[in-house]
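Enquirer: Quick note: the sequence shown uses the working numbering, first residue 3, plus one each step.
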Amino acid sequence: MSKNRQIILYIAMSLDGYIAKPNDDLSFLSIVQKEGEDYGYTDFVSTVDTVILGRKTYDWVMKEVGEFPHADKNAYIITRTSRPTIGKTTFYSGDLTKLVRKLKGEKGKNVFCDGGAEIVNELLKNNLLDEIIISVIPILVGNGTRLFKDNRPEQKLKLVNVKTFDTGLTQLHYKRADN
Numbered sequence: 003m004s005k006n007r008q009i010i011l012y013i014a015m016s017l018d019g020y021i022a023k024p025n026d027d028l029s030f031l032s033i034v035q036k037e038g039e040d041y042g043y044t045d046f047v048s049t050v051d052t053v054i055l056g057r058k059t060y061d062w063v064m065k066e067v068g069e070f071p072h073a074d075k076n077a078y079i080i081t082r083t084s085r086p087t088i089g090k091t092t093f094y095s096g097d098l099t100k101l102v103r104k105l106k107g108e109k110g111k112n113v114f115c116d117g118g119a120e121i122v123n124e125l126l127k128n129n130l131l132d133e134i135i136i137s138v139i140p141i142l143v144g145n146g147t148r149l150f151k152d153n154r155p156e157q158k159l160k161l162v163n164v165k166t167f168d169t170g171l172t173q174l175h176y177k178r179a180d181n
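1) For N163, count neighbouring Cβ atoms within 10 angstroms of its own Cβ and tell me buried if that reaches 16, exposed if not.
2) Could you tell me the boundaries of the beta strand (DSSP E) in which N181 lies?
3) Could you give the uninterrupted runs of the alpha helix (DSSP H) lying entirely in the region 105-148, keeping only those of 4 residues or more?
4) Among the candidates E120, I21 and G110, whose CA atom is the shortest distance from the CA of R82?
5) Per DSSP, Q173 is paired with what?
6) Could you tell me how far apart the beta carbons of V53 and K75 are, in whole angstroms, since I believe they sit closer than 8 Å?
7) With C-beta atoms as the reference, is V122 less than 8 Å away from L149?
8) By DSSP, does E39 sit in helix, in strand, or in coil?
9) Indicate whether the contact test is met: 3 or more Cβ pairs, each with one atom in the region 163-180 and one in the region 127-135, closer than 8 Å.
10) Provide the residue span of the beta strand (DSSP E) that contains D74, from first to last.
11) At which residues does the alpha helix (DSSP H) containing V63 begin and terminate?
12) Write down the C-beta distance between I139 and F30 rounded to the nearest angstrom, noting that I regard them as a contact closer than 8 Å.
Next comes the structure, spelled out in structure tokens:
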């Protein structure tokens with residue numbers, strides 16, 4: 003087992019593989035909202051001290067939630083346009099692969115990849131995702147932003163765990179087979 007920090011994708015998608023409907027619409031996620039149920043999110047977040055996410059995801063969170071829930075962690079917002087750092091939140095416009103390799107080599111807890119699709123696929127192309135935890139929402143949205151894009155290398159995975167919930171959400175947890 004590698005002693006390096008793990009890069010873990012923790013994300014929700016529709017059964018047909020979309021993480022957002024057209025226009026970055028995430029409203030379908032609300033169909034599994036249930037009071038007192040966070041699908042293991044709080045426990046998961048306690049295992050990470052660094053978050054990587056795309057600018058579109060960040061902007062959506064800021065618009066819908068009003069504050070960045072990971073402001074207490076080292077956060078890297080991957081963007082093409084520089085913005086000033088806000089506390090521990092860095093707007094990073096450099097090479098994503100270099101950043102992730104650097105983070106993997108540092109001491110600390112695991113790194114949470116919170117999307118979006120461009121980042122996920124860049125990490126997959128470079129074999130940098132160690133674990134994938136996907137919450138499958140029981141809906142076929144038909145169109146939007148696919149989680150997995152074409153033209154990636156094949157990667158074998160090991161199933162770690164499957165959890166089902168009475169809302170119909172199914173959570174799949176995989177590790178890289180070579181990890």
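Even for Gly, the Cβ is constructed at its ideal location relative to N, Cα and C. Computed from a predicted model, the values in this text were never measured in an experiment.
Expert: So, from the data block:
1) Exposed, because fewer than 16 other Cβ atoms sit within 10 Å of the Cβ of N163.
2) Element bounds for N181: n/a, residue is neither H nor E.
3) 119-127
4) The shortest Cα separation from R82 among E120, I21 and G110 belongs to E120.
5) S137 and K165
6) 5 Å
7) yes
8) strand
9) Touching, per the Cβ criterion.
10) The continuous stretches of beta strand (DSSP E) do not include D74, and DSSP gives it neither H nor E.
11) R57 to E66
12) 6 Å
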